[in-house]
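Here's the structure, in C-alpha cells; my notes come after.
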Amino acid sequence: MIIKTEDYIIDSSTINKVIISGSMRLPSPLSYDQPFSLIKKALDDCIDTLNIDLQDLEYLNSSGITSLARIIIQARKDDKTLKFIISNDIPWQNKTFSSLKILWDKLIIEAT
Amino acid sequence: MSVIHSEEILHLGNIDKEKLCPIKNKVALSFKMIINHSEDWEKCSMISDFFSDYYTSTIVNKKKEISLTLSTIINELIENAVKHSTKEHNEISIHLKKFDKEVLIIIENIATKEKVNNLIHTLNLINSKDTELLILNRIKNNLLYHQENSEIGLLNIINYYTTNIGAKVIPLKNTKLSKIEFYVSLKHD
C-alpha cells in the first residue's frame, strides 16, 4: 500500500519493507496515527526483520519522532527486529537514532 | 495595548546576552504572521524552509547540512510558538541575525502563565539534567498518557545541535499573559 501526499510518500508495497520519503511535519503525535498505520501493519505482517528506509525523508518533526519511537516500542513488545536505513547527509537522522537505539536491543541502524 | 513591566522581565537559558542587545537594529530578516493552529499548520514548514534557504543562499561549505539543520530548528521553534500562543493572540514574529559562522534566531509570541511555566521548566533543565534521558522519558510518558503534544521539540534542539538557547519572559500589565522572546544561536563551520 502507498500513501502519497504533496509533502511525503509512505510505501509499504514491498514485503518486510517500508520506505518513507519527503517531509513530515504534522501537528501532533496523534496526527501520525493514520500515515504510520502502514508501518504498524507491516510490523504485524513481518516474520523476520522489518526494514524502514528513511534515506529520502528530509524532515521529521518532534511529533513524528515521538510517533516513530512508539513503533520501536511496539516492536519491542512484539519481539521483532527493526532495521532503519538512514542517511548521513540528513542531520536529524543520525542524531535522533543514536538516542532511540536505547529503546530496543533489536534495533539496527544502517547509515549510508 | 498592554504595557510591559520592565522590572519583572525574566531571562532564561545560556545564550550570550551581548548578542541580543542591538538585535532590533541589526536583523537580517524579519517576519510577522498570524497562524491558526488547525488551519495554517503547513505554513510553519513553509516559513522555516524560506528562512533556511535565505540564510544559506550565500554559504558554500556544508550548505545542505546547514540548511537542513536550520530549517529543522526554526520549524520546531515556530511549532512551539504556535502551540504556546493563545487563540486571541496568535501573532508570531521571527527574526534572523547573521554573525560570522553563527546565526541567531528569535521567535516572539504571547503565552498564558501555564505555558510560560512549562517553558521555564524546560529551559531550567538545560544545564542540570541529561537531556537525552529526558527526551526518552518524555517519549515514554507520551505513549503512556496519550499526551497531545510530544514535548520534546526544544529538548531535541538542545541535545542534538550545537546551539545556545535562551528566552526573555515579559509580563503584560493587567493581563495573565506574557510575551516570550525565544532565542537560539547555531554555530557552523
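Just so you know, the sequences run in chain order A and B. Counting along the first sequence from 1, when you hit position 69 you're at 388 in our numbering, and nothing is skipped either side. Counting along the second sequence from 1, when you hit position 144 you're at 142 in our numbering, and nothing is skipped either side. Yeah, the Cβ is synthetic: ideal placement off N, Cα and C, and Gly gets one too. A quick note: this is a predicted structure, and the numbers were derived from the prediction, not measured.
Closer than 8 Å to chain A by CB, residue i
| i | result |
| --- | --- |
| B/Asn140 | yes |
| B/Asn73 | yes |
| B/Ile13 | no |
| B/Asn88 | no |
| B/Leu117 | no |
| B/Glu37 | no |
| B/Thr130 | Looking at the sequence itself, residue 130 of chain B is Glu, so the reference to Thr does not match. Yes, B/Glu130 lies at the interface with chain A (some Cβ there is under 8 Å from its Cβ). |
| B/Leu123 | no |
| B/Leu184 | no |
| B/Thr173 | no |
| B/Ser91 | no |
The alpha helix (DSSP H) enclosing residue i, as first and last residue numbers
| i | result |
| --- | --- |
| A/Ser386 | 381 to 397 |
| A/Glu429 | Unbroken run through A/Glu429 is the beta strand (DSSP E), 426 to 430; no alpha helix (DSSP H). |
| B/Leu153 | 151 to 158 |
| A/Ile358 | 352 to 364 |
| B/Ile45 | 39 to 54 |
| A/Leu419 | 410 to 419 |
Extent of the continuous beta strand (DSSP E) to which residue i belongs
| i | result |
| --- | --- |
| A/Lys336 | 336 to 343 |
| B/Pro169 | 161 to 169 |
| B/His35 | Segment: none, B/His35 is in no beta strand (DSSP E) and carries neither H nor E. |
| B/His186 | Counting along the chain, B/His186 falls outside any beta strand (DSSP E), and DSSP gives it neither H nor E. |
| B/His144 | Taken as a continuous stretch (DSSP letters only), B/His144 belongs to no beta strand (DSSP E), as it is neither H nor E. |
| B/Leu10 | 8 to 11 |
Within-8 Å CB hit, residue i to chain B
| i | result |
| --- | --- |
| A/Ala361 | no |
| A/Pro354 | no |
| A/Tyr378 | yes |
| A/Arg344 | yes |
| A/Leu369 | no |
| A/Asp375 | no |
| A/Asp364 | no |
One or two residues paired with residue i in a DSSP bridge
| i | result |
| --- | --- |
| B/Ser176 | B/Ala109, B/Pro169 |
| A/Asn370 | A/Lys336, A/Lys402 |
| A/Ile321 | A/Asp330 |
Subject >> Whole alpha helix (DSSP H) elements within the region 74 to 140 of chain B, 4-residue minimum >> reply: 111 to 122
**OP:** Check distances from the C-beta atoms of the region 149 to 168 of chain B to those of chain A and list, in chain order, the residues that come in under 7 Å.
**Re:** Ile150, Gly151, Asn154, Tyr158
Original post:
When you check each C-beta in the region 50 to 79 of chain B against every C-beta of chain A, which residues fall closer than 8 Å?
Top reply: Lys62, Glu63, Leu66, Thr67, Ser69, Thr70, Asn73, Glu74, Glu77
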